[in-house]
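Some notes on the structure that comes next.
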Amino acid sequence: MNRRTLLLAPLGVVVAGAAGVAVLLERDYVPSALPSMLIGKRPPRFRLPAQPPGPAFSSADLAAPPRPMLVNFFASWCIPCVQEAAMLRHLRQGGMKIWGIAYKDKPADAAAFLAENGNPYARLDSDLAGTVAINWGVYGVPETYLIDRSGIVRWRWAGALTREVVASRLNPLLRRYA
Amino acid sequence: MIPELGHFALALATAIAAAQGVLLLWGASVRDRRMMAAAPAFALSQLLAAGFSFAALVWSHVVSDFSVLDVAQNSSSLTPLLYRITGTWGDHNGSILLWCLMLSGCGGAVALFGRELPAALRARVLGVLGLVSAGFLLFTLAASNPFLRLWPPPGQGQDVNPLLQDPGLAIHPPMLYAGYVGFSVAFAFAVAALIEGRVDAAWGRWVRPWTLGAWCLLTGGIALGSWWSYYELGWGGYWFWDPVENASLLPWLTGTALLHCAIVVEKREALKTWAVLLAIATFSLSLCGTFLVRSGLLDSVHSFAADPTQGIFILVLLALTVGGSLLLFALRAPALAPSGLFAPLSREGALVLNNILLCSIATVVFLGTLYPPFADLLAGQKISVGPPFFERTVLPLAVPLLAAMAVGPVLSWKRAELAPALLRLWWGALLAAIGGGAVALGWKLVPGLGIALALWIIAGAFAEIVDRIRLFRRPLGESLARLAGLRRSVFGTAIAHAGLGVTIAGISGMALAAHTLVFLRPGQSAHLAGYDWKYVSIAGATGANFTARVSTLVVSRNGHQVVVMHPGKRSFPISQMTTSEVAIWTNGFLDLYAVLGNERDGGAVFRLNYHPLAPEIWLGALVMALGGGLSLSDRRLRVGAPARRAAAAPAPVRAG
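Residue numbers (my numbering), protein chains in the order written: chain A, 20 to 197; chain B, 2 to 657.
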């Protein structure tokens, strides 16, 4: 390769890279977002026993909530869940409806967790075997799903809901589906 | 009122920077003496304006003026003063303003310390810095204004992110930024050289101190960041190959290459094109490190959420800076022909090998970091690239680099022979074999090799000095006299190289780390690595803006008490976060590390770690930075030293 062409190469690499980055920005690329098969669909059908202090809910109860709501998978053994608890309480105080599913957790342990960290959940299920979570495609706890007024899953967040996530991801969606 | 003054000063700095860029570059090209002479005045007034603007922002944070949006989001009246100040750069907008201030500071430094530079070169360097400054100040002003008001002001702010409320992190971003931004000077020199179409030995000598200064700061900044994640995140790890960490490692790698390459430019006037490209690449990577990461493009625990307009603005700015300089490079670099020659086996040859290996490592890290977004773009695949990739690809490149590092400094310039050079290192090889062998026999093979490599590097670092002072070959008195006569930069190089050896030893030692997760009730003990860890009690405590749980662990060895540790947890009610307060005890050669987990059933979960040689990781980095600093204090390297003038301008020919 002649010297001039070679010296042009760095520019070429950078131009190609910049074009790629521009497309990624345009697409609103979110690296940490794991694609969920449930987005745009109804949640899978399930019926679970209540997690004290309950009351229980089933997939039928998610069919048409009056306002967009959250379904949150949690466990007493999960440390990020403790960190997330305060944010869930905060959302609950703001009028958000949150239903919880205790994932692979003994009902007594989960109840103790709720007693200690506060209970932001209006209704609670216990998924001791973790099979319902598999159908939802839960990746790990905590994990949160946004369900709109027609009962369609609009968003999934794997990991704790932090202030940044709520401000930059959840709140815009709540406005859109309100 | 103060925030408005700050806002105005920011606008003023932008205007001055733009004028500085345009007028100085134009003035230098038409050889207008008065305009070129105004260069320092432009740079210093820009620094003054940017400094005032930043001070105004710090002031708003200190007095908790919640009518300023940034203050309301990143501070609270309960936040301690130190973190109210450091909260200034705790978010996107404030940190960008700090970044701009640093860039203005670089211009100011060139204006102050670059008095001996030829007027045209100085004007061009400051002109380039002015243009870059103008771009980023404009970005701050237009897309990330930290002085935005909020009405009505809230009664209380949202507090600084608790993870950032830490003395280590208070100085980490400014130091890291100073390192990143410091490379802007080398970049400006490279672009100025391209405009002039001339790179010579003097250029190499001028670029080196600026590169070295930035390198020292970046080394310190990276080490602080790594240390912070070690003790604050509570995972017991020190390097996660997180994109933010990689982004800081990349300019460090290419900056290190540039530092060594500039020596060859100075000595042989060879590798000129390469040196210019490295200078551009290092600053470009610093820019990407700051801004692409901040735009949230790469997945990271650190990133700030930024809005898309900022992303596009930054991308255009980066494309102009990086693309513009590389276009200039493509047009002008063909004129830069090497003039000096050297044999492949020589000190210069060793420096070339250093460059090849460092840049290969940088390429691998770069590809690994950028692969996930581009795989998503081109193939629509969600992929994550983790530590195993980086460990497997970086190690085979790092080992030859480290092995050769000891040999390079004992080779002679221009043409050398390997056998005599290696003979001079026999004692280093012996030391490495004994030390590494002992570790390998006692524990594991890989840490043993690491320790051997570390000892080899440390021995090699001092071999040049031993050789130069003819230690044990001449009477001791003569050796000492020679030692006193050596230049500081020789010691600086040796110390910096030895520092890397110390870091390698620390990393190797960490491969022998042990940890355990235990549930203990008060009075119960756990055993790890020969230590008994007894859980005594736990108590509540309160701080200014947090409540805490503090436990007491008594650690003993063979019945003798070693230390009482207090791992704890803090919860911050305003920002609704919990942080773990890791307890670390160190004796300089090993760390005992304890983390408090959840409390239940009258007991608590603890993670106990035993980290041999962990302190050496950061100690080594500190030694590296100090070595660089010592070298920087060498009169010969200092900008403005009279010895340089002869090399700078063509020496006047005297009759007779």
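Virtual Cβ for every residue (Gly too), placed ideally from N, Cα, C.
| field | Within chain B, partners of A:V160 - CB distance below 8 Å | value | What you label residue 160 of chain A is simply residue 141 of the first sequence in a count that begins at 1. Near A:V160 there are no residues of chain B at all, since even the closest Cβ is about 14 Å away, more than 8 Å.
| said: Quick check on DSSP: helix, strand or coil for A:D144? | reply: Against the first sequence, residue 144 of chain A aligns to sequence position 125. If DSSP states are grouped into helix, strand and coil, A:D144 belongs with the strands.
| message | Just to confirm, is the Cβ distance from B:L1 to B:L11 under 8 Å? | response | Given a span of 2 to 657 for chain B in the structure shown, any question on residue 1 of chain B remains unanswerable.
| field | First through last residue of the alpha helix (DSSP H) which encompasses B:A495 | value | On the second sequence, residue 495 of chain B is found 494 positions in, with the first residue counted as 1. R489 to M511 is the span of the alpha helix (DSSP H), which, as asked, contains B:A495.
| field | Where A:A41 meets chain B, residues with beta-carbon distance less than 8 Å | value | Residue numbering aside, residue 41 of chain A sits at position 22 when the first sequence is read from its first letter. Chain B residues near A:A41: I313 and L316.
| request: Give a yes or no on whether the minimum CB-CB distance between A:A37 and chain B is below 8 Å. | output: To locate residue 37 of chain A, count along the first sequence from 1; it is residue 18. With 8 Å as the cut-off, A:A37 counts as an interface residue toward chain B.
| field | Element boundaries [alpha helix (DSSP H), containing B:K268] | value | Start at 1 with the first residue of the second sequence, and residue 268 of chain B comes out as number 267. Unbroken alpha helix (DSSP H) run through B:K268: P244 to R269.
| request: Using a Cβ-Cβ cut-off of less than 8 Å, give me the residues of the stretch 593-619 of chain B that come near chain A, in sequence order. | output: G598, N599 and R601
| message | Between which residues of its own chain and B:H62 is the CB-CB distance below 7 Å, once the five residues before and five after are set aside? | response | Walking along the second sequence from the start, residue 62 of chain B turns up at place 61. Here the set comprises V72, S76, R85, I86, G88 and T89.
| query | Which residues, taken in chain order from the stretch 147-158 of chain B, show a beta carbon closer than 9 Å to some beta carbon of chain A? | reply | none
| query | Looking at the structure shown, is B:D602 part of a helix, part of a strand, or coil, going by DSSP? | reply | By 1-based counting over the second sequence, the position of residue 602 of chain B is 601. B:D602: coil per DSSP, three-state reduction.
| task | Could you check what DSSP says for A:F93 in three-state terms: helix, strand or coil? | result | As a working note, residue 93 of chain A is residue 74 in the first sequence. Looking at A:F93 - three-state DSSP - the assignment turns out to be strand.
| request: Taking B:F520 as part of the beta strand (DSSP E), name the residues at either end of that continuous run. | output: One-based indexing of the second sequence puts residue 520 of chain B at position 519. Where B:F520 is concerned, the enclosing beta strand (DSSP E) stretches over A515 to L521.
| Delimiting residues of the alpha helix (DSSP H) encompassing A:E135 | On the first sequence, residue 135 of chain A is found 116 positions in, with the first residue counted as 1. P126 to N136 is the extent of the alpha helix (DSSP H) around A:E135.
| Neighbour flag for A:Q102 against chain B, beta carbons, 8 Å | Taking the first residue of the first sequence as 1, we reach residue 102 of chain A at position 83. Answer yes: the Cβ-Cβ gap between A:Q102 and chain B drops below 8 Å somewhere.
| task | With DSSP collapsed to three states, give me the class of B:D300. | result | One-based indexing of the second sequence puts residue 300 of chain B at position 299. Note that B:D300 scores 48 on pLDDT, short of 50, meaning its location in the model is unreliable and no value can be drawn from it.
| Extent of the continuous beta strand (DSSP E) run through A:M57 | Translated into positions along the first sequence, residue 57 of chain A becomes position 38. First, the residue type needs correcting, since residue 57 of chain A is Leu and not Met in the sequence shown. No beta strand (DSSP E) contains A:L57, which DSSP labels as neither H nor E.
| request: Check each residue of the stretch 491-517 of chain B: if its Cβ is closer than 8 Å to any Cβ of chain A, include it; give the result in chain order. | output: none
| query | Among the residues of its own chain, which have a CB less than 6 Å from the CB of B:A584, if the five just before and after it don't count? | reply | The residue given as residue 584 of chain B occupies position 583 in the second sequence. If we look at B:A584 and ignore the five residues flanking it on each side, its Cβ neighbours are M566, H567, P568 and A595.
| Between the Cα of B:A550 and the Cα atoms of B:M2, B:A455 and B:K570, which residue gives the shortest distance? | To locate residue 550 of chain B, count along the second sequence from 1; it is residue 549. Here residue 550 of chain B turns out to be Arg, not Ala, going by the sequence shown. That would be B:K570, whose Cα lies nearest to the Cα of B:R550.
| query | Would DSSP call B:Q562 helix, strand or coil? | reply | Taking the first residue of the second sequence as 1, we reach residue 562 of chain B at position 561. Correct three-state label for B:Q562: strand.
| task | Could you please give me the residues that DSSP links to A:R3 through a beta bridge? | result | In the structure as shown, chain A starts at 20 and stops at 197, and residue 3 of chain A therefore has no counterpart that could be examined.
| task | Can you pull the chain B residues whose beta carbon is under 9 Å from the beta carbon of A:V151, in chain order? | result | Translated into the one-based positions of the first sequence, residue 151 of chain A becomes position 132. In chain order: nothing, as chain B lies at least about 24 Å away.
| query | Name the chain A residues whose beta carbon is nearer than 9 Å to that of B:T587? | reply | Locating residue 587 of chain B in the second sequence gives position 586, counting from the first residue. Correct list: empty, because the minimum Cβ distance to chain A is about 26 Å.
| query | How should A:Y158 be labelled, buried or exposed, when 16 other C-beta atoms within 10 angstroms of its C-beta is the threshold for buried? | reply | Counting from 1 along the first sequence, the entry for residue 158 of chain A is found at position 139. Its Cβ having fewer than 16 others within 10 Å, A:Y158 is exposed.
| task | Can you give me the start and stop residues for the beta strand (DSSP E) that B:F67 sits inside? | result | Residue numbering aside, residue 67 of chain B sits at position 66 when the second sequence is read from its first letter. No beta strand (DSSP E) contains B:F67, which DSSP labels as neither H nor E.
| message | Please list the terminal residues of the continuous beta strand (DSSP E) segment that includes B:T579. | response | Start at 1 with the first residue of the second sequence, and residue 579 of chain B comes out as number 578. Its beta strand (DSSP E) spans residues M578 to E582.
| How would you call B:G486, buried or exposed, if buried means at least 16 neighbouring beta carbons within 10 angstroms? | Taking the second sequence and counting its residues from 1, one reaches residue 486 of chain B at position 485. The residue is exposed, with fewer than 16 neighbouring Cβ atoms inside 10 Å.
| Between the stretch 321-341 of chain B and chain A, which residues of the former have a C-beta closer than 7 Å to a C-beta of the latter? | V323, G324, L327, L328, F330, A331, A334 and P335
| request: For B:G165, write down the residues that DSSP places opposite it in a beta bridge. | output: Translated into the one-based positions of the second sequence, residue 165 of chain B becomes position 164. It should be pointed out that residue 165 of chain B corresponds to Leu in this sequence rather than to Gly. Paired residue(s): none; B:L165 is not in a bridge.
| query | For B:T283 versus B:F137, is the C-beta distance shorter than 8 Å? | reply | In the second sequence, residue 283 of chain B corresponds to position 282, counting from 1. In the second sequence, residue 137 of chain B corresponds to position 136, counting from 1. Their beta carbons are not under 8 Å apart, which means B:T283 does not touch B:F137 by this criterion.
| field | Backbone secondary structure at B:T548 - three-state DSSP | value | As a position in the second sequence, residue 548 of chain B is number 547, starting the count at 1. In this structure, B:T548 counts as strand in the three-state DSSP scheme.
| To the nearest whole angstrom, what separates the beta carbons of B:Y181 and B:S287, a pair I think is in contact under 8 Å? | Within the second sequence, numbered from 1, the residue matching residue 181 of chain B stands at position 180. Within the second sequence, numbered from 1, the residue matching residue 287 of chain B stands at position 286. 4 Å between Cβ atoms; contact.
| Using 8 Å as the threshold, is the stretch 368-384 of chain B in touch with the stretch 68-86 of chain A, meaning 3 or more CB pairs across them? | no
| said: Is it buried or exposed, B:F473, if we count other Cβ atoms within 10 angstroms and call 16 or more buried? | reply: The residue labelled residue 473 of chain B in the question sits at position 472 within the second sequence. Answer is exposed; the Cβ neighbour count stays below 16.
| query | If you follow the alpha helix (DSSP H) that B:V208 is part of, which residue opens it and which one closes it? | reply | On the second sequence, residue 208 of chain B is found 207 positions in, with the first residue counted as 1. Run containing B:V208: A202 to E233, per the alpha helix (DSSP H) assignment.
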